[in-house]
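Here is the structure we will look at.
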Amino acid sequence: MSLGEFGTVTRYNDDALVKTAEQLTLTSAAYSVMAFVVAHAALHNYGRIRKGDKILVNGGSYGLISACVQMAHLAGAEVYIVADSMAQRVVLAEDHIFPDTQIICKGSGVDVVVNSSSSIAADRGVECLASFGKFVDVRSSAADGLPQFELSRVKDNMTISFLDPYHVSAGGAALVGETLQKVMRLVEDGKLHAKECSRVYSLSQLQDAFALVLGVDQSETVMMRRIEGEEIMAITRPTHLISLDSGGAYVILGESDPLLLPVAHWMVERGARDLWLFSQGELEISTLNSFKAKGVQVTVRVCDSPDIETLKREMAAISPSLKGIVHCTASSTLTSHETLFSNEATQTSSPFDHFVSSLHGTGSVKTDFFVTIRASPTVAIVHDEEHSRVAGSFRDVLSGSRITSNNVIACVDLSDIMSFDETTKLSATQEQQLINLGFFLALRCTAL
């Protein structure tokens with residue numbers, strides 16, 4: 094149930110090898126167990142559900158809905174589903190089943206939404222979230238990157254996570270094996286009930302269905318792609334999912350490290366040819382020269398003090414051709430609880446934090462997109478009940494997420510994507526992976 098599952102031979106770490114519960118048939122294990130693993134990831138790893146939480150399951154296959162319902166009940170949560178068929182109505186009592194999410198919105202909202210529906214239904218799911226709620230989007234990205242999500246609907250004090258069921262195993266063999274062991278124990282104890290698969294399909298039938306669902310056209314092909322020796326089903330496409338305007342100007346604001354240059358690389362690879370880099374420190378000359386060698390016009394401004402007026406004048410000069418602004422900020426040191434919730438925390442923000450807050454408040458700049466990307470582990474380490482909600486509001490204050498009519502703004506906190514602790518040190522590869530993921534969350538979801 095991982096990469097290579099359609100191959101004749103595959104290799105995988107034995108940490109993820111788990112004995113099947115005796116009461117499971119081969120087809121029920123193949124059909125239900127992975128649904129339980131995905132449900133566990135959505136509810137516990139991303140949703141962080143607790144006893145008494147209200148959970149909304151919005152769309153999805155019968156197997157995933159059933160798995161989410163059973164997992165949530167085991168955790169002591171209250172579950173609601175939006176049912177679109179009579180078959181799905183057997184999983185819950187009638188008073189917890191609704192034909193539409195709007196009925197649920199009349200209450201105080203739900204703590205976690207697990208969404209597998211279309212973008213329109215996803216927007217309605219967002220409306221159901223209570224303050225500091227978590228929205229977990231469970232949809233495949235095999236064909237088109239991360240699913241599209243209209244960020245203009247995003248409310249304050251909410252966290253969005255994207256979970257690709259096909260790549261759950263990317264978390265590592267040990268993590269998958271640990272989750273599988275939990276699932277098998279619960280099945281053996283009779284606390285989880287696996288559903289029997291009603292029909293089995295051949296690989297060729299799966300490929301045909303895959304193409305149909307994804308709307309593959311004549312220029313695209315469904316194929317088995319080899320990744321690190323494993324075969325996965327994928328769509329071939331000739332171009333990047335996101336293309337930037339080679340005739341437009343793009344501004345990147347941020348500290349000299351670690352986010353600004355990786356973001357610049359990412360934008361150059363996708364067609365940007367006029368970059369304006371506003372940094373608090375000097376940048377590597379070799380990197381800047383590599384940009385220029387590719388025909389990219391790079392203008393660098395060093396701003397080591399919060400001179401908002403100077404920044405505004407520079408931005409006004411760029412404004413006629415300005416297409417997008419990316420605000421990058423990273424915290425290189427962890428902050429204690431006492432410092433985190435004191436006035437000192439807001440006083441240590443960069444000049445760009447003040448500038449971005451000013452721009453958002455006045456709506457003085459019109460762009461195709463305005464993205465704030467943060468890698469701030471100071472917030473992610475606060476998981477205890479006493480501080481968790483205060484930390485959420487603190488993050489939102491820092492992200493300056495004031496959405497005006499002139500901008501589509503995405504605020505991505507990378508510490509929500511990857512768990513940090515006091516010993517976390519990111520390698521260059523991990524850093525680049527976070528940048529890529531953060532950009533997909535921000536840019537792809539604004540439908541650029």
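Be aware that the sequence shown starts at 94, since it is given in our numbering, and climbs by one per residue.
Glycine residues also receive a C-beta, built at the ideal position from the N, C-alpha and C atoms.
All values derive from a computational prediction rather than experimental measurement.
> How many whole angstroms separate the CB atoms of GLN274 and VAL389, which I take to be in contact at a CB cut-off of 8 Å?
Replying inline: About 50 Å; that fails the 8 Å criterion.
>> Can you list, in chain order, the residues of its chain with a C-beta nearer than 6 Å to that of ILE170? Leave out the 5 residues immediately preceding and following it.
In response: Strictly speaking, residue 170 in this sequence is Ala, with Ile absent from that position. If we look at ALA170 and ignore the five residues flanking it on each side, its Cβ neighbours are ILE142, ASP146, ILE148.
> Does DSSP put GLU171 in a helix, a strand or coil?
Replying inline: strand
> Does the beta-carbon distance from ALA135 to LEU279 come in below 9 Å?
Replying inline: no
>> Could you compute how far the alpha carbon of GLY347 sits from the alpha carbon of HIS420?
In response: 6 Å
>> With distance defined between alpha-carbon atoms, name the residue in LEU167, ALA160, VAL231, GLY140 nearest to ASP204.
In response: GLY140
>> Are there any heavy atoms of the ligand FMN lying less than 8 Å away from the beta-carbon of ARG141, as far as the coordinates show?
In response: The ligand FMN is absent from the structure shown, which contains no ligand whatsoever.
>> Considering Cα atoms alone, identify which of HIS166, VAL172, ALA132, LEU167 is closest to GLY156.
In response: ALA132
> Can you tell me where the beta strand (DSSP E) with ASN151 in it begins and where it stops?
Replying inline: 147 to 151
> From what residue to what residue does the beta strand (DSSP E) around VAL395 run?
Replying inline: 390 to 395
>> Checking the sheet assignment: what are the DSSP bridge partners for TRP369?
In response: VAL344, THR392
>> Assuming the contact rule is C-beta atoms closer than 8 Å, VAL175 and SER209 should be a hit. Round their C-beta distance to whole Å, please.
In response: Not a contact, Cβ separation roughly 10 Å.
> Are the beta-carbon atoms of VAL344 and LEU376 separated by less than 9 Å?
Replying inline: no
> Based on Cα-Cα distance, which residue from VAL395, GLU220, MET251 lies nearest to ASN151?
Replying inline: GLU220
> Who does VAL207 pair with in a DSSP beta bridge?
Replying inline: VAL150, VAL229
>> I'd like the span of the beta strand (DSSP E) that includes THR252, first residue to last.
In response: 251 to 256
>> Please state whether the Cβ-Cβ distance between ALA128 and ALA160 is less than 9 Å.
In response: yes
> According to DSSP, which residues form a beta bridge with LEU222?
Replying inline: VAL203
> Straight-line CA distance for ILE378 to VAL393?
Replying inline: 11 Å
> By a C-beta neighbour count over all protein chains shown, 10 Å radius and 16 as the cutoff for buried, is LYS227 buried or exposed?
Replying inline: buried
> With C-beta atoms as the reference, is LYS284 less than 9 Å away from GLN116?
Replying inline: no
> Beta-carbon separation of SER224 and GLY340 under 9 Å?
Replying inline: no
> For THR252, which option in ALA287, VAL207, LYS288 has the closest C-alpha, if you only look at C-alpha atoms?
Replying inline: VAL207
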